[in-house]
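Taking it in order: structure first as structure tokens, then the write-up.
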Amino acid sequence: MKENPVEIYLKSPTPFMMNNWDRLLPDWSVSPQTIVLVLLNSHFPLDGEGKFIEQEKDRLFKEFIALGEYFYLVSQQQGFCTEIISPKDGTPQYSTKGDLIFDLVAIVHYSLEFNYFNTLKGCQLLKHPVWQTAIYPGLFLSEATVLEVQSILTKFV
């Protein structure tokens, strides 16, 4: 088993999010204050194709959604508007989809300065400083402050 299979970073929303939050999350009456970048470490690099890579992405997606559902539930119980963004297509899980989507690779690149590259098939892959391409990014959004989000995360991480 890997030592650090998950990294979590709390950041401010990107300028693109702040300038377009009403087109990203049309149900929200306020813009998010905190973004939670959830980076899951894959068992192997995700820069190829095939059945095993798709199975690994599915496993990581389920792991991310399980974390997200718990974060969402605890946040809602504390009265905070929260959203989980699907790593598969950049759309919100609970809110109405806007006419823009969240680009997780661009958000991680901007917020954490991780490099990325384009595959031959036109996909973008992040390059983690340690994990390289064995990385699966996810995103939570919250109207709560960083300190309030930290308090929520300590309940289950």
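In our numbering, the protein residues as written are 9 to 165. Just so you know, even glycine gets a beta-carbon here, dropped at the ideal spot from N, CA and C.
- prompt: Residue range of the alpha helix (DSSP H) that Lys65 falls in?
  reply: For the purposes of this step, residue 65 is taken as residue 57 along the sequence shown, with counting starting at 1. Looking at the DSSP string, the run of the alpha helix (DSSP H) that includes Lys65 is Lys59 to Gln85.
message: Determine whether the beta carbon atoms of Ser150 and Pro40 lie at a separation below 8 Å.
response: Sequence index remark: in the sequence shown, residue 150 carries index 142 (1-based). Sequence index remark: in the sequence shown, residue 40 carries index 32 (1-based). A contact, by the Cβ cut-off of 8 Å.
task: Would you mind stating whether Thr153 and Thr22 have Cβ atoms separated by less than 8 Å?
output: Sequence index remark: in the sequence shown, residue 153 carries index 145 (1-based). Sequence index remark: in the sequence shown, residue 22 carries index 14 (1-based). Not a contact, by the Cβ cut-off of 8 Å.
task: Would you kindly report the start and end of the unbroken alpha helix (DSSP H) that includes Tyr118?
output: The residue you call residue 118 lines up with position 110 of the sequence shown. Taken as a continuous stretch (DSSP letters only), the alpha helix (DSSP H) holding Tyr118 covers Leu112 to Leu120.
- request: For Ile61, I'd like the list of residues in its chain whose CB is within less than 7 Å of its CB, leaving aside the five on either flank, ordered along the chain.
  value: Mapped onto the sequence shown, residue 61 falls at position 53. Cβ within range, chain order: Leu54.
- prompt: In terms of residues, what are the limits of the beta strand (DSSP E) holding Val44?
  reply: For the purposes of this step, residue 44 is taken as the residue at position 36 of the sequence shown. Element bounds for Val44: Thr42 to Asn49.
- request: Following the continuous alpha helix (DSSP H) through Glu3, name the residue where it begins and the one where it ends.
  value: There is no way to answer for residue 3, as the model of the chain reaches only from 9 to 165.
- request: State yes or no: is the C-beta of Lys5 within less than 8 Å of the C-beta of Leu48?
  value: The structure shown does not extend to residue 5, since the chain is modelled only from 9 through 165, so no value can be given for it.
query: Is it right to say Lys10 is buried, meaning 16 or more other beta carbons lie within 10 angstroms of its own, or is it exposed?
result: Working through the sequence shown from its first residue, we reach residue 10 at position 2. Reliability of the predicted coordinates at Lys10 is poor, the pLDDT of 48 falling under 50, and no value is obtained from them.
- request: Give the secondary structure of Pro95 by DSSP, where H, G and I count as helix, E and B as strand, and everything else as coil.
  value: Translated into the one-based positions of the sequence shown, residue 95 becomes position 87. Of the three classes helix, strand and coil, the one that applies to Pro95 here is coil, per DSSP.
task: Along the alpha helix (DSSP H) that carries Pro23, what are the first and last residues, could you check?
output: For the purposes of this step, residue 23 is identified with residue 15 of the sequence shown, where counting begins at 1. Per DSSP, Pro23 belongs to the alpha helix (DSSP H) from Pro23 to Leu32.
- request: Assign Val14 to one of three DSSP states: helix, strand, or coil.
  value: In the sequence shown, counting from the first residue as 1, residue 14 sits at position 6. It is a strand residue.
Proximity of Pro95 and Leu108 at Cβ, strictly below 8 Å: Your numbering for residue 95 matches position 87 in the sequence shown. Your numbering for residue 108 matches position 100 in the sequence shown. Their beta carbons are not under 8 Å apart, which means Pro95 does not touch Leu108 by this criterion.
- request: Mind reading off the beta-carbon distance from Leu134 to Tyr124? Whole number of angstroms is fine, and I expect it under 8 Å.
  value: Working through the sequence shown from its first residue, we reach residue 134 at position 126. Working through the sequence shown from its first residue, we reach residue 124 at position 116. Contact holds; Cβ gap of about 5 Å.
- prompt: Assuming Ser93 contacts Phe79 under a Cβ cut-off of 8 Å, what Cβ separation, rounded to an integer in Å, is found between them?
  reply: As a working note, residue 93 is residue 85 in the sequence shown. As a working note, residue 79 is residue 71 in the sequence shown. According to the sequence displayed, residue 93 carries Ile and not Ser. Actually they do not touch by this definition, with Cβ atoms about 12 Å apart.
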